[in-house]
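Residue numbers (the working numbering): 1 to 283. C-beta: ideal position from N, C-alpha, C; glycine also. Notes to accompany the following structure.
Now the structure itself:
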């Protein structure tokens, strides 16, 4: 099954490599704050209200409204959870599948050996919005988010998406980009830099104002994959992630293009692999 997954992902990366651009309108909520969650809390809560209540948690879909959230904290987990790519641990219960050009992902407290082995300075470089874990791709600064109807392997779209970033020092080092079902670029924006040198928190979210539907989100976190020391004056801005917040995934209304059908295969295989290994799903 591992070889099948790698083949699917390679094909998918080729299929998604060169997007075209579509005209669309989105309302954005963004802030660069300090290292205290309170410094960005009001904007995060405003974006939650934009997407609508309730927070649907682990409820199976389809549901008529509300939103989903992933805070990476595993119900209070205090240990790190390294995983490969694709990461399907939230596909069934939250409708989100994660892929990266790198080797996988890490959900980790700031004190975990798995993070500090990458670089011992990262325990003070980053901070958390929701204790106690952050999230990061490994071997890349890119995370692609693909959506499914929670509880199924049906591809889906969302009307809005936002994320918390930590230690954004440069105005063009972190960003969100939204794509439609045909891989047209709908929206892109940079994340505002934080207000303190280390451990700052920033938030960027956007939601559609004219019915646009997001099939894939590309999250760029920093200028480089984790590894080097943070050195923004030298052009190296190391960034990690915390909470993801997005509108309730809705089933796509038509047959996707071939590269998207490959994604469905990735999702199905990843879900089966995750289930077979008895992967623990966190919150």
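Where residue 226 falls, given that 16 or more other Cβ within 10 Å makes a residue buried: buried
Of the residues 80, 173, 186, the one placed nearest residue 27, counting alpha carbons only: 186
CB contact below 8 Å: residue 110 versus chain D: Judged by its chain identifiers, the structure shown contains no chain D, having just a single protein chain.
Residue 23, buried or exposed, once every other Cβ within 10 Å from all chains shown has been counted against 16: Legend: pLDDT at residue 23 = 41, less than 50; position of this residue unreliable, value from coordinates given subsequently. Classification for residue 23: exposed.
Nearest-angstrom Cα separation, counted from residue 192 out to residue 122: 20 Å
Nearest candidate by alpha-carbon position, reference residue 102, set 83, 88, 92, 112: 83
Residue 99 beta carbon less than 8 Å from that of residue 133: no
Contacting residues, own chain, Cβ-Cβ under 6 Å from residue 205 (five flanking each side not counted): 29, 47, 162
Residue 94 in three-state terms, based on DSSP: helix
Own chain residues within Cβ distance below 6 Å of residue 213, not counting five before or after: 157
For residue 77, the nearest candidate out of 63, 131, 245, 239 (CA to CA): 131
Cβ-based neighbour list, residue 40, same chain, cut-off 6 Å, excluding 5 preceding and 5 following: 31, 33, 201, 203
Selected residue, minimal CA-CA separation from residue 198, among 60, 209, 170, 50: 170
Neighbour-count burial assignment, residue 68, 16 or more Cβ in a 10 Å radius: buried
Whether residue 63 touches residue 55 by CB criterion (8 Å): no
Minimum length 4: unbroken alpha helix (DSSP H) runs contained in the region 108 to 178: 113 to 118, 122 to 125
Cβ neighbour criterion (16 or more within 10 Å) applied to residue 120: exposed
Buried or exposed (CB count within 10 angstroms, at least 16 for buried), residue 340: Shown here, the chain extends from 1 to 283; a query on residue 340 therefore has no answer.
CA nearest to the CA of residue 196, picked from 51, 124, 251, 53: 124
Member of 150, 166, 235 whose CA lies at the smallest distance from the CA of residue 89: 150
Nearest residue (CA-CA) to residue 228, options 66, 138, 44, 91: 138
Beta-carbon proximity list for residue 218, same chain, < 6 Å, skipping 5 on both sides: 144, 177
DSSP beta-bridge partners of residue 220: 142, 175
Where residue 25 falls, given that 16 or more other Cβ within 10 Å makes a residue buried: exposed
Residues near residue 239 in its chain [Cβ-Cβ closer than 6 Å; skip 5 each side]: 165, 167, 168, 174, 221, 222
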